[in-house]
Amino acid sequence: MRSVKLELAVGLFVLTGLGALAWLSVKMARMELVGGNFFTVEAYFTSIAGLKPGAGVEIAGVEVGRVDKIVLDVQEFEARVTLKIDNGIPIQEDAIASIRTKGLIGDRYVKISPGASDRLLTSGERLVQTEPSINFEELISQFIHGSAK
Amino acid sequence: MFSLVQRLGSAFLELLQFMGHMFLFLINILWCVVTPRYRPRNLLKQIHFIGVRSLFVIILTATFAGMVLALQGFYILSRFGSEGMVGPMVALAIIQELGPVLTALMVTGRAGSAMAGELGVMRIKEQVDALEVMGINPVNYLISPRLEASIISLPVLTAIFNVVGILGGYLVAVHLLGMSAGTYWGGIESKVGPRDIYISMIKSVSFGVLVAWVCTYMGYYANRGAEGVGRSITQAVVLSSVLVLVLDYFITALML
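Chains as they are written, first to last, in this note's numbering: chain B, 53 to 201; chain A, 25 to 280.
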């Protein structure tokens with residue numbers, strides 16, 4: 053009887069730990085279990101300054117995906133950003149991806165402005181129209197040196 | 025002058041010998057872990073002692089650690105006008121640092137000291153020698169179950185600590201300081217990645233090995249007399265706590 057109780061306590065203990073770990077990984081770190089419910093599209097930016105993998109992708113302020121990875125494309129010398137978009141979110145082929153900042157010193161995120169085309173992007177395709185991130189230093193120096201229109 | 029240099033040399037050699045002895049002891053335990061006989065009964069008892077019975081103290085520590093982090097974090101971050109970052113700050117601090125470290129320290133204080141004391145008394149009462157006479161390998165019988173139990177218990181306790189700590193932070197940030205629950209959880213979800221949890225687990229497993237190793241070593245080689253046992257417990261707790269913090273720095277430096 054004593055030994056059954058001991059085994060039960062240990063079993064329950066380990067189970068609690070695994071439960072805690074699972075909750076941490078799935079709820080907080082958003083670890084995808086099998087496959088995941090998303091498709092990927094690629095976008096090329098001339099500058100992504102400050103955008104990090106894991107940043108949000110938003111349409112009209114609603115989060116619809118996240119930035120998966122960012123690599124430098126050595127052929128075009130542009131940043132190739134892979135976006136994971138939730139299934140069921142239509143992305144038109146002429147949609148515009150732009151990098152924006154939340155607040156003045158906040159996080160960077162990718163904003164997608166929907167296009168008008170009937171053709172929707174499928175997994176692995178490329179968003180052609182992009183807008184690089186706004187660089188405050190450049191903006192200010194343009195203003196100071198009078199080249200801003 | 026001459027004798028001073030000599031004394032320094034002798035102290036250094038002693039330290040070297042001590043480190044070598046400890047290291048050989050670790051290799052001995054690890055060897056006993058992988059070779060028979062396996063003792064699941066003893067392992068179960070040790071998990072119960074190290075893990076299950078530390079649960080209460082871990083939950084208590086985690087709640088208050090999370091609560092004070094949220095309070096202090098809110099106060100500090102509000103100077104920069106970024107109170108919204110309280111959630112990620114609490115979660116990352118707990119998952120990466122406080123969870124593994126505080127768990128290891130609490131386990132050292134609760135179970136490590138008991139391990140050293142128990143083994144020390146067994147040593148001075150010649151029970152260890154008696155085991156040897158009976159043809160039972162005392163390291164296999166006494167030490168390896170403790171090491172295995174510690175390796176299993178620490179990650180489990182750390183995971184529980186992380187969850188409870190974040191919930192404690194939630195309690196203060198949302199219900200006391202009036203943050204919105206969405207800001208708290210949303211911030212955590214967007215800033216905590218799988219890698220943070222992975223680091224947390226790596227740390228807790230390493231600390232599990234370290235705590236069991238240091239504490240059993242001190243008890244197993246306790247000196248004669250009640251005084252020797254007392255000293256071995258003190259040394260076990262002090263050395264294990266210090267090494268946990270030192271190792272924590274190096275793992276962090278390596279993994280970041």
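From the three backbone atoms N, C-alpha and C, an ideal C-beta is built for every residue, glycine too.
Please read these numbers as outputs of a predicted model, since none were measured by experiment.
Item to check | Nearest residue (CA-CA) to GLU183 of chain B, options B:ILE141, B:PHE90, B:ILE164, B:ASN139 | outcome: It is B:ILE164 whose Cα lies nearest to the Cα of GLU183 of chain B.
Item to check | Continuous beta strand (DSSP E) stretch holding TYR161 of chain B: start and end | outcome: If you look at TYR161 of chain B, you'll find it in the beta strand (DSSP E) that goes 160-165.
Checklist entry - Given SER169 of chain B, which residues of its chain have a CB within under 7 Å of its CB, disregarding the five upstream and five downstream residues? => result Taken in chain order, the residues that qualify are GLN144, GLU145, ASP146.
Checklist entry - Which residues does DSSP pair with THR117 of chain B in a beta bridge? => result Sequence inspection shows Gly at residue 117 of chain B; the Thr mentioned does not correspond to that position. Looking at the DSSP assignment, GLY117 of chain B forms a beta bridge with B:VAL109, B:ILE137.
Checklist entry - Under 7 Å between the Cβ atoms of LEU67 of chain A and GLU213 of chain A? => result No, Cβ-Cβ distance for LEU67 of chain A and GLU213 of chain A is not below 7 Å.
Item to check | First through last residue of the beta strand (DSSP E) which encompasses GLN181 of chain B | outcome: From DSSP, the beta strand (DSSP E) with GLN181 of chain B extends over 181-183.
Checklist entry - Is the Cβ-Cβ distance between VAL119 of chain B and ILE71 of chain A less than 7 Å? => result In this structure, ILE71 of chain A does not lie closer than 7 Å to VAL119 of chain B by Cβ.
Checklist entry - What residue from A:VAL81, A:TYR245, A:ILE275, A:LEU191 has the CA that sits closest to GLY111 of chain A's CA? => result Ranking A:VAL81, A:TYR245, A:ILE275, A:LEU191 by Cα distance to GLY111 of chain A puts A:LEU191 first.
Item to check | Within chain B, partners of GLU38 of chain A - CB distance below 8 Å | outcome: Chain B residues near GLU38 of chain A: none, gap ~41 Å exceeds 8 Å.
Checklist entry - Taking DSSP as the reference, what is the three-state secondary structure of TYR62 of chain A? => result In the three-state reduction of the DSSP assignment, TYR62 of chain A falls in the coil class.
Next on the checklist: With H, G and I counted as helix, E and B as strand and the rest as coil, what does DSSP make of VAL114 of chain A?
Outcome noted: In the structure shown, VAL114 of chain A sits in a helix (DSSP, three-state: H, G or I).
Next on the checklist: With distance defined between alpha-carbon atoms, name the residue in B:SER99, B:GLU94, B:PRO105 nearest to THR134 of chain B.
Outcome noted: The residue with the shortest Cα to Cα distance from THR134 of chain B is B:GLU94.
Checklist entry - Nearest-angstrom Cα distance between TYR222 of chain A and MET113 of chain A? => result Between TYR222 of chain A and MET113 of chain A, the alpha-carbon positions lie close to 18 Å from each other.
Checklist entry - What's the C-alpha gap between TYR241 of chain A and SER102 of chain A? => result Spanning the two alpha carbons is a distance of roughly 47 Å.
Checklist entry - What separation, rounded to the nearest whole angstrom, lies between the Cα atoms of ALA138 of chain A and ALA236 of chain A? => result If you take the alpha carbons of ALA138 of chain A and ALA236 of chain A, they lie about 11 Å apart.
Item to check | Nearest candidate by alpha-carbon position, reference THR87 of chain A, set A:MET279, A:GLY123, A:PRO162, A:GLN30 | outcome: Considering only A:MET279, A:GLY123, A:PRO162, A:GLN30, the residue with the shortest C-alpha distance to THR87 of chain A is A:GLY123.
Next on the checklist: Using a Cβ distance threshold of 8 Å, determine whether the region 130-147 of chain A contacts the region 262-279 of chain A, with at least three qualifying pairs required.
Outcome noted: As far as the Cβ criterion goes, the region 130-147 of chain A touches the region 262-279 of chain A, which means the pair count is three or higher.
Item to check | Beta-carbon proximity list for THR174 of chain B, same chain, < 8 Å, skipping 5 on both sides | outcome: Closer than 8 Å at Cβ, skipping near neighbours: PHE91.
Checklist entry - Within 10 angstroms of its Cβ, does TYR244 of chain A collect 16 or more other Cβ (buried), or is it exposed? => result So TYR244 of chain A ends up on the buried side.
Next on the checklist: Please list, in chain order, the chain A residues whose beta carbon lies closer than 7 Å to that of SER99 of chain B.
Outcome noted: By Cβ distance, chain A contributes nothing, its closest Cβ being about 22 Å from SER99 of chain B, past 7 Å.
Item to check | Listed by chain order, chain A residues near SER185 of chain B by CB distance under 9 Å | outcome: Here the premise fails: no neighbours, minimum Cβ distance about 18 Å.
Checklist entry - Is the distance from the Cβ of ARG178 of chain B to the Cβ of ALA107 of chain B below 7 Å? => result Cβ distance not < 7 Å, so ARG178 of chain B and ALA107 of chain B don't count as in contact.
Checklist entry - DSSP on ARG178 of chain B, reduced to helix/strand/coil? => result Note: ARG178 of chain B maps to strand in three-state DSSP.
Item to check | Residue span of the alpha helix (DSSP H) that contains ILE221 of chain A, given as start and end | outcome: Start and end: 218-244.
Next on the checklist: Report the CB separation of GLY113 of chain B from ASP138 of chain B in whole angstroms; it is logged as a contact under 8 Å.
Outcome noted: Between ASP138 of chain B and GLY113 of chain B the Cβ distance is about 15 Å, and since that is not below 8 Å, they are no contact.
Checklist entry - Beta-carbon of GLU107 of chain A versus every beta-carbon of chain B: anything under 7 Å? => result Output row for GLU107 of chain A: interface = no.
Checklist entry - Taking just the CA atoms, how far does LEU280 of chain A sit from TYR96 of chain B? => result Looking at the two C-alpha atoms, the distance is approximately 28 Å.
Item to check | Straight-line Cα distance separating MET91 of chain A from LEU48 of chain A | outcome: Distance between the alpha carbons of LEU48 of chain A and MET91 of chain A: 42 Å.
Checklist entry - alpha helix (DSSP H) containing PHE88 of chain A: first to last residue? => result Note, PHE88 of chain A: alpha helix (DSSP H), 79-101.
Next on the checklist: Going by C-alpha to C-alpha distance, which of A:VAL261, A:TYR208, A:ARG248 sits closest to VAL196 of chain A?
Outcome noted: Here the closest residue by C-alpha is A:TYR208.
Item to check | is_contact[ALA94 of chain A, chain B] using C-beta, thresh 7 Å | outcome: Judged by the 7 Å Cβ criterion, ALA94 of chain A is not in contact with chain B.
Checklist entry - Hey, does GLY69 of chain B have any beta-carbon neighbour from chain A nearer than 7 Å? => result Chain A, which has a Cβ nearer than 7 Å to the Cβ of GLY69 of chain B, makes this yes.
Item to check | Inter-residue Cα distance where the pair is LYS149 of chain A and ILE160 of chain A | outcome: When only Cα atoms are considered, LYS149 of chain A and ILE160 of chain A end up about 17 Å apart.
Checklist entry - Based on the DSSP output, what are the partners of ILE122 of chain B in its beta bridges? => result Answer is B:VAL133, bridged to ILE122 of chain B.
Next on the checklist: I want to see whether chain A comes within less than 7 Å of PHE65 of chain B, judged by CB atoms only; does it?
Outcome noted: Taking a beta-carbon distance threshold of 7 Å, PHE65 of chain B counts as an interface residue toward chain A.
Item to check | Within 7 Å of chain A by C-beta, residues of the region 99-128 of chain B in sequence order | outcome: If you check each beta-carbon in the region 99-128 of chain B against every beta-carbon of chain A, the ones closer than 7 Å belong to GLY106, GLY108.
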